[in-house]
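Peer 1: One structure is given below, represented as structure tokens, and several questions about it will come after.
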Amino acid sequence: MDQLRHFLATNSQIRHSSPGSSDFEALREQVVIQETRNPGIIVRPCTIEELASLVKVLTTNKLPFSVRAGGHDIFGRTQIEKGVTIDMREIHHVDVNKSSHTARVGGGITIMNLLQELQKHDLTTPHPVTPSVGYTGWATHGGYGILSSHHGLGVDQIVGARVVDAQGNICDADEDMLTVIRGGGGSVAIIYELIIKVYPSKKVLAGFIIYESKDLTSTARLYHDNYRNLKIDSIPPALGLYETVIHAPEGKSFATVLMWSSDDLGEGQQWVDKIIGLAPVAVNNVIETTILAFNEMTAELVDKTAYATIFCPGVYDLTAEVVDVISTYIENKPPHPGFTFGIHELRPEAPRECRKSVFNARDPHFLIEIIPMSSSREIFDELLVWAQGFNNALRKTDPDNIYPISYIPLTPNEGLDFKVIYGNRYETLKRVKEQYDPDNVFKHALVQL
Ligand SMILES: Cc1cc2nc3c(=O)[nH]c(=O)nc-3n(C[C@H](O)[C@H](O)[C@H](O)COP(=O)(O)OP(=O)(O)OC[C@H]3O[C@@H](n4cnc5c(N)ncnc54)[C@H](O)[C@@H]3O)c2cc1C
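Residue numbers (my numbering): 27 to 475.
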């Protein structure tokens with residue numbers, strides 16, 4: 027660390043914080059309390075030159091480092107004990123190019139800040155359900171969200187990247203490196219900025235539909251039976267749904283988050299009515315709004331920090347057997363508030379991959395997120411037992427229906443089999459990794475071969 031301290035002393039403009047500094051605890055904070063690590067120092071570059079010179083010092087002196095942005099990795103893999111954290115959050119610019127429908131976005135920006143900046147230009151872009159997430163970590167590892175069926179996954183928004191490579195050089199990612207950034211995250215470079223696709227931000231219909239849930243099991247079964255029938259005629263890509271359970275004033279309730287994101291709000295309202303018709307409704311607060319305003323509302327619903335973990339089994343289909351398990355476990359969920367269950371669906375209508383990537387989970391499938399989460403350790407422990415039972419029961423359903431590709435950000439290291447995850451794209455990932463990072467400088471990235 028002495029070499030780093032000497033470097034920081036002679037480059038005093040580079041912000042940094044050490045244990046004992048007044049801002050250290052706030053900077054160290056990650057979303058999941060029990061997974062938050064104790065780095066030896068946090069360095070906060072503001073420019074690509076600062077980032078590049080920092081990487082040169084770290085690699086020359088073989089100092090262990092990790093890269094963080096939004097701090098949402100649920101298993102805390104973003105920082106390392108006693109290591110150097112490169113905190114990207116000072117790099118959060120957004121430069122819009124209206125003619126190419128793209129924006130250059132800083133590698134440390136959060137979804138919320140990105141949506142706020144884009145809205146100033148009447149633009150928007152796909153995003154996850156929780157806007158405090160870092161954009162780069164979300165988009166480069168896959169990027170599921172409520173606009174996936176309309177505009178594609180986060181990974182498919184990436185058009186270009188400016189990076190600092192394993193030698194500390196500044197460069198624009200070439201096609202090989204971009205292919206790996208799309209699905210391989212920060213495994214071959216630190217991403218200073220991404221160039222991403224942006225879309226006109228018009229009015230959308232968005233909100234929660236909360237179903238009558240006195241008998242939660244029956245409600246969930248009815249919803250799924252009717253949803254399955256609705257899908258037979260195919261659902262327009264502009265309709266995004268994220269099924270969840272919320273704690274409404276009436277108590278624990280089955281609900282769906284809905285967003286209709288195309289211009290034809292009349293057609294959108296017809297689809298809202300169809301989703302309302304899936305089961306008896308207690309509250310419908312779907313309104314005409316903007317994507318930004320909707321995200322500002324949902325931002326209030328999730329704790330900034332909490333005790334949490336996740337189980338994230340994937341299935342090809344919500345079969346009757348799977349729905350039975352879901353219904354039973356949401357009925358039995360301990361009655362504590364908190365974000366504990368949600369389903370992302372990658373529908374067949376979702377735009378296909380249009381650029382090369384190593385992201386391999388391209389078949390239509392459902393990601394079932396079971397998220398014990400609470401600011402109280404005791405409640406978290408109680409929810410954890412419930413979540414483990416839920417996960418085990420889902421994994422015991424028909425093996426042919428289990429989706430084999432785990433979602434890296436939502437899977438603990440011991441559950442990651444990269445050969446299965448990347449399938450026939452694994453060799454590309456390996457070749458590009460060997461070419462750009464032969465010494466495995468980025469050994470603390472999520473993807474490790
Ligand atoms: C509450 C919550 C809700 C979520 N919702 C969704 C969702 O709806 N859809 C979905 O797909 N995922 C979701 N996720 C998962 C989330 O997208 C990933 O965990 C994502 O990687 C988090 O990025 P981050 O920057 O916030 O986290 P960090 O922990 O800071 O970073 C995560 C990883 O990305 C790497 N990274 C970040 N920035 C850079 C960079 N500039 N250069 C190189 N590497 C970088 C880090 O090194 C780290 O390995 C959610 C997670 C949480 C906790």
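Just so it is clear, CB atoms sit at the ideal spot from N, CA and C, and this is done for glycine as well.
Compute every distance between the C-beta of HIS273 and the non-hydrogen atoms of ligand 1, then say whether any falls below 6 Å.
Peer 2: no
Peer 1: Suppose only complete runs of 4+ residues qualify. What are the alpha helix (DSSP H) ranges in the stretch 148-173, listed by chain order?
Peer 2: 161-167
Peer 1: Taking the alpha helix (DSSP H) that HIS98 falls in, what are its first and last residues?
Peer 2: For HIS98, no alpha helix (DSSP H) segment is defined, and its DSSP state is neither H nor E.
Peer 1: Three or more C-beta pairs closer than 8 Å, one from the stretch 37-56 and one from the stretch 124-141: is that the case here?
Peer 2: no
Peer 1: So is ASP191 buried or exposed if we call it buried at 16+ other beta carbons inside 10 Å?
Peer 2: buried
Peer 1: If GLY294 and ALA264 are in contact, beta carbons under 8 Å, what's the gap, nearest whole angstrom?
Peer 2: Yes, GLY294 and ALA264 are in contact; Cβ-Cβ is about 7 Å, under 8 Å.
Peer 1: Return the CA-CA distance between ARG115 and ASP99, expressed in angstroms with no decimal places.
Peer 2: 15 Å
Peer 1: Taking only the alpha-carbon atoms, compute the straight-line gap between PRO45 and LYS330 and give it to the nearest angstrom.
Peer 2: 22 Å
Peer 1: May I ask you to report which of helix, strand or coil DSSP gives PRO541?
Peer 2: The requested residue 541 is not part of the displayed model; the chain covers only 27 to 475.
Peer 1: Taking all protein chains shown into account, do 16 or more other C-beta atoms lie within 10 angstroms of the C-beta of GLN183, making it buried, or fewer, making it exposed?
Peer 2: buried
Peer 1: Please work out which residues of its chain come closer than 8 Å, Cβ to Cβ, to PRO360, disregarding the five sequence neighbours upstream and downstream, and give them in chain order.
Peer 2: ILE405, GLU408, LEU409 and TRP412
Peer 1: From what residue to what residue does the beta strand (DSSP E) around TYR268 run?
Peer 2: 265-274
Peer 1: Should GLU276 be labelled buried (16 or more other beta-carbon atoms within 10 Å of its own) or exposed?
Peer 2: exposed
Peer 1: Hey, quick one: how far does the alpha helix (DSSP H) through LEU141 stretch, first residue to last?
Peer 2: It spans 137-145 - the alpha helix (DSSP H) in which LEU141 sits, taken as one unbroken run.
Peer 1: According to DSSP, what are the bridge partners of ILE74?
Peer 2: DSSP, once it has assigned bridges, lists no residue as partnering ILE74.
Peer 1: Alpha carbon to alpha carbon, what distance is there between CYS338 and SER432?
Peer 2: 8 Å
Peer 1: Per the contact definition of three or more C-beta pairs closer than 8 Å, is the stretch 371-385 in contact with the stretch 433-441?
Peer 2: no
Peer 1: Quick one, are the C-beta atoms of ILE396 and ILE369 less than 7 Å apart?
Peer 2: Going by C-beta atoms, ILE396 is not nearer than 7 Å to ILE369.
Peer 1: Going by CA-CA distance only, name the one from ASN252, THR162 and ILE207 that's closest to THR454.
Peer 2: ILE207
Peer 1: Suppose you measure from the CA of LEU53 to the CA of THR62; what does that come to, to the nearest Å?
Peer 2: Roughly 11 Å between the two C-alpha positions.
Peer 1: What does DSSP give as the partner residues of ARG451 in its beta bridges?
Peer 2: In DSSP, ARG451 forms no bridge with anything.
Peer 1: Any chance the CB of VAL159 is under 6 Å from a heavy atom of ligand 1?
Peer 2: yes
Peer 1: Between GLU75 and GLN29, what straight-line distance do the alpha-carbon atoms span, to the nearest angstrom?
Peer 2: 18 Å
Peer 1: Does GLY415 come out as helix, strand or coil in the three-state DSSP assignment?
Peer 2: helix
Peer 1: Whole angstroms are fine: how far does the CA of TYR253 sit from the CA of VAL298?
Peer 2: Straight-line Cα distance between these residues: approximately 13 Å.
Peer 1: Among SER227, ALA95 and ALA165, which residue has its Cα nearest to the Cα of GLY211?
Peer 2: The shortest Cα separation from GLY211 among SER227, ALA95 and ALA165 belongs to ALA165.
Peer 1: Which class does GLU293 belong to by DSSP, given the choice of helix, strand or coil?
Peer 2: helix
Peer 1: Assign THR315 to one of three DSSP states: helix, strand, or coil.
Peer 2: strand
Peer 1: I need the straight-line Cα distance from PHE416 to TYR237, nearest angstrom please.
Peer 2: Straight-line Cα distance between these residues: approximately 22 Å.
Peer 1: Taking the alpha carbon of MET203 as the reference point, which residue from GLY194, VAL214, GLN193 and ASN195 has its own alpha carbon closest?
Peer 2: VAL214
Peer 1: If I'm right that HIS119 touches GLY132 with Cβ under 8 Å, what's the distance once you round it to whole angstroms?
Peer 2: 5 Å
Peer 1: Any idea which residues DSSP pairs TYR237 with across the strands?
Peer 2: DSSP, once it has assigned bridges, lists VAL307 as partnering TYR237.
Peer 1: When burial is assigned at 16 or more other CB atoms within 10 Å of the CB, is ILE68 buried or exposed?
Peer 2: buried
Peer 1: Are there 16 or more other CB atoms within 10 angstroms of the CB of SER260, so buried, or fewer, so exposed?
Peer 2: exposed
Peer 1: In this structure, does DSSP put THR423 in helix, strand or coil?
Peer 2: Looking at THR423 - three-state DSSP - the assignment turns out to be coil, as it is neither helix nor strand.
Peer 1: Between which two residues does the beta strand (DSSP E) holding GLY277 run?
Peer 2: That run of the beta strand (DSSP E) goes 277-286.
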